[in-house]
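Visitor: Take this structure, written in structure tokens, and hold onto it; I'll ask about it next.
Residue numbers (the numbering used here): 59 to 584.
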């Protein structure tokens, strides 16, 4: 795993405090128009939802690293904690928790049974964590548990305790891994068995799996939560993403994932609905702050004001992105409403003039320094290559010269962590708890820009120590506003993802972490 990128699905944003969550699972609110429509008609129960999916190696959670397989497993397996659409915490198998320093105590639901009838207990949580750390495990969650958790233990059948290795922003975000049934893994070697089909505690259970062909899930009649309306979910495994779409358009599926950004073309069919959601992929421009020219805030902010993000989203991503000056999602409850993304060449020029820069032969200059830079971009990322050219054109219009240099990913990492760069255009897969300390703290492991601000370091310390929603939100608001004002990185946008279905599939309200997040509210109207 490359040191800078974090897997999108490792983390989830949750409250780090002694606040006790509600005793049940809150359901994601439906869109207004869907709620109104639903109130006018009778919800139809039963039916089979057909879903397309591309190939994966295994359903064993201790071996799986495939994103689509992870989404499938969300229907049958559950974690201690989940989240709502604004990245706030929601209880799942743990109905409440207490945090005291580095210690977290989880209180587990007593009414949960595995899909084979056995009772769920703290023994299963301990077994799951032990197994993720096992030598046979290949899951991304292995590093998460290894790096952040020092010890854990069963207190009773329904109480489980964890000690963190060090302070972590929003520590509950570590506990979104699926919990496995200890009694299903009869031999230690089962942890590394790629053919094992897991049982879970979720609303659906896997009743059939034909490798490379299909997976059939049926309603779990013993589910502890709200029972889903749809009786069965059939996943058809197709060869690739093109086959996934063509099969859907041939009406061999009711619901499918969408990978390309030009999904609006499918709206030509009035019977197809498309549901988009913010992904955790953030795109930004990072300056080398160890170079004197970038120590000037006016230079950094003038670059930010000169980039037409709307044009980038329109011409490269078909308008499917969310502008954001900072790596905190605009739809997150931690995003300050005072942060505003702006595009103004006049404001950029004003900032440079006030800082003592002047244009000579069309290029902004101060003394012997000219605003002319090399911009590194990954040669394998077709989208960022296009973005780089738009940035180059924007800055040329402003009076800043950019030379785009495309390099391999390995060479890009080598250049930025050795300090051999001017500017770099990057995607960052953020963890769901929006912990950006590694990028902006003075000694952050991903702070290749060389940024240092005691106020920012102090805000992160407050975030690490936050024990209630109000203080956490306040600290994040201040942090976002400060980063927006200083632009240690020039924030651009979040990329959006989508799924689509035919209009007879009702109630869909996806998130990037779980496109089936409100599956209990879905129903088929035919």
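For each residue, glycine too, the CB sits at the ideal point set by N, CA and C. Every value quoted in this text rests on a predicted model; they were computed, and no experiment measured them.
(1) Is it the case that the Cβ atoms of residue 239 and residue 172 are separated by a distance below 9 Å?
(2) Can you check DSSP and say which residues form a bridge with residue 152?
(3) Starting from the N-terminal side, write out each stretch of the beta strand (DSSP E) that is 3 residues or longer and does not extend beyond the segment 203-287.
(4) Can you tell which of 578, 570 and 512 has the C-alpha that lies nearest to the C-alpha of residue 334?
(5) At what residue ranges does the segment 426-470 contain a whole run of the beta strand (DSSP E), taking only runs of 3 or more?
(6) Within a Cβ cutoff of 6 Å, which residues of the same chain sit near residue 146, ignoring the five residues on either side of it in sequence?
(7) With DSSP as the reference, label residue 102 as helix, strand or coil.
(8) CB of residue 498 to nearest heavy atom of the ligand MG: below 8 Å?
(9) Any contact of the segment 573-582 with the segment 102-115, i.e. 3+ C-beta pairs under 8 Å?
(10) Mapping the DSSP letters down to three states, classify residue 571 as helix, strand or coil.
(11) Tell me where the alpha helix (DSSP H) around residue 367 begins and ends.
(12) If you count every other CB in all the chains shown that lies within 10 Å of the CB of residue 296, and 16 or more means buried, which is it?
(13) Does DSSP classify residue 538 as helix, strand or coil?
(14) Which value, in whole angstroms, describes the spacing of the CA atoms of residue 53 and residue 121?
(15) Could you pull out every residue in the same chain whose Cβ sits closer than 8 Å to the Cβ of residue 292, ignoring the five residues on either side in sequence?
(16) Return the residue from the list 137, 130 and 457 that minimises the CA-CA distance to residue 411.
(17) For the beta strand (DSSP E) holding residue 332, just list the boundary residues, first then last.
(18) With C-beta atoms as the reference, is residue 529 less than 9 Å away from residue 520?
(19) For the alpha helix (DSSP H) containing residue 304, name the first residue and the last one.
(20) Helix, strand or coil for residue 292 per DSSP?
(21) In chain order, what residues of the same chain lie with their CB nearer than 6 Å to the CB of residue 208, ignoring the 5 residues before and after it?
(22) Report the rounded CA-to-CA distance for residue 332 versus residue 324, giving the unit in angstroms.
(23) Quick one: what's got a C-beta closer than 6 Å to residue 194's C-beta in the same chain, skipping five residues either side?
(24) Between the alpha carbons of residue 126 and residue 287, how many angstroms are there, rounded?
(25) Pull the bridge partners of residue 424 from the DSSP assignment, please.
(26) In three-state DSSP terms, what is residue 315?
(27) Which residues in the same chain have their Cβ closer than 7 Å to the Cβ of residue 317, if we skip the five residues on either side of it in sequence?
(28) Locate the alpha helix (DSSP H) running through residue 520, then write down its first and last residues.
(29) In three-state terms, what does DSSP make of residue 581?
(30) Within this structure, are the beta carbons of residue 130 and residue 164 separated by less than 9 Å?
(31) Relative to the alpha-carbon of residue 493, which residue among 426, 370 and 515 has its alpha-carbon at the smallest distance?
(32) Just to confirm my understanding: we take residue 388, look at its own chain, exclude 5 residues before and 5 after, and list those with CB closer than 6 Å. What are they?
(33) Is the beta carbon of residue 179 closer than 9 Å to that of residue 256?
(34) What number of angstroms, rounded off, separates the C-alpha of residue 422 from the C-alpha of residue 428?
(35) Output the boundary residues of the beta strand (DSSP E) element that contains residue 553.
(36) Give the straight-line distance between the Cα atoms of residue 118 and residue 253, rounded to the nearest whole angstrom.
Guide: Reading off the structure:
(1) Yes, the pair counts as a contact, with Cβ atoms nearer than the cut-off.
(2) Under DSSP, the beta-bridge partners assigned to residue 152 are 166.
(3) Fully enclosed beta strand (DSSP E) runs of 3 or longer: 207-214, 217-222, 262-268 and 272-277.
(4) Relative to the Cα of residue 334, the nearest Cα in the group 578, 570 and 512 belongs to 570.
(5) Counting whole runs of 3 or more residues, the segment 426-470 contains the beta strand (DSSP E) stretches 430-436 and 459-465.
(6) The beta carbon of residue 146 sits closer than 6 Å to those of 391, all from its chain and outside the five residues before and after it, given in chain order.
(7) Residue state, collapsed to three classes: coil.
(8) Looking for the ligand MG in the displayed structure turns up nothing, as the structure carries no ligands at all.
(9) Judged by pairs of C-beta atoms under 8 Å, the segment 573-582 touches the segment 102-115, as three or more such pairs exist.
(10) Coil at residue 571, not helix or strand.
(11) In the DSSP assignment, residue 367 falls within the alpha helix (DSSP H) that extends over 367-374.
(12) Around the CB of residue 296, 16 or more other CB atoms lie within 10 Å, so the residue is classed as buried.
(13) The three-state secondary structure of residue 538, taken from DSSP, is helix.
(14) No information on residue 53 is available, as it lies outside the stretch 59 to 584 that the chain covers here.
(15) For residue 292, same chain residues with a beta-carbon under 8 Å away, outside a window of 5 residues either side, are 106, 107, 108, 109, 272, 273, 274 and 275 in chain order.
(16) Comparing Cα positions, the closest option is 457.
(17) Residue 332 -> beta strand (DSSP E) spans 330-345.
(18) Cβ distance < 9 Å, so residue 529 and residue 520 count as in contact.
(19) 299-307 is the extent of the alpha helix (DSSP H) around residue 304.
(20) The answer is strand: DSSP assigns residue 292 an E or B state.
(21) By the criterion of a C-beta distance shorter than 6 Å, residue 208 is surrounded in its chain by 221 and 223, once the five residues flanking it on both sides are discounted.
(22) For the pair residue 332 and residue 324, the Cα-to-Cα distance works out to about 8 Å.
(23) 249 and 250, listed in sequence order.
(24) Whole-angstrom Cα-Cα distance: 23 Å.
(25) The beta-bridge partner set that DSSP reports for residue 424 consists of 427.
(26) DSSP, reduced to helix, strand and coil, places residue 315 within a strand of the structure shown.
(27) Once the five neighbours on either side are set aside, the close Cβ partners of residue 317 are 299.
(28) Judged by DSSP secondary structure, residue 520 falls within the alpha helix (DSSP H) whose first and last residues are 512-523.
(29) Residue 581 sits in a strand when the DSSP states are folded into three classes.
(30) Contact: no.
(31) Put simply, of 426, 370 and 515 the residue whose alpha carbon is nearest the alpha carbon of residue 493 is 515.
(32) Leaving aside the five residues that flank residue 388 on each side, the residues in its chain whose CB is nearer than 6 Å to its CB run, in chain order, 380 and 382.
(33) Contact: no.
(34) The alpha-carbon atoms of residue 422 and residue 428 are separated by roughly 6 Å.
(35) Looking at the DSSP string, the run of the beta strand (DSSP E) that includes residue 553 is 548-560.
(36) In a straight line, the C-alpha of residue 118 is about 7 Å away from that of residue 253.
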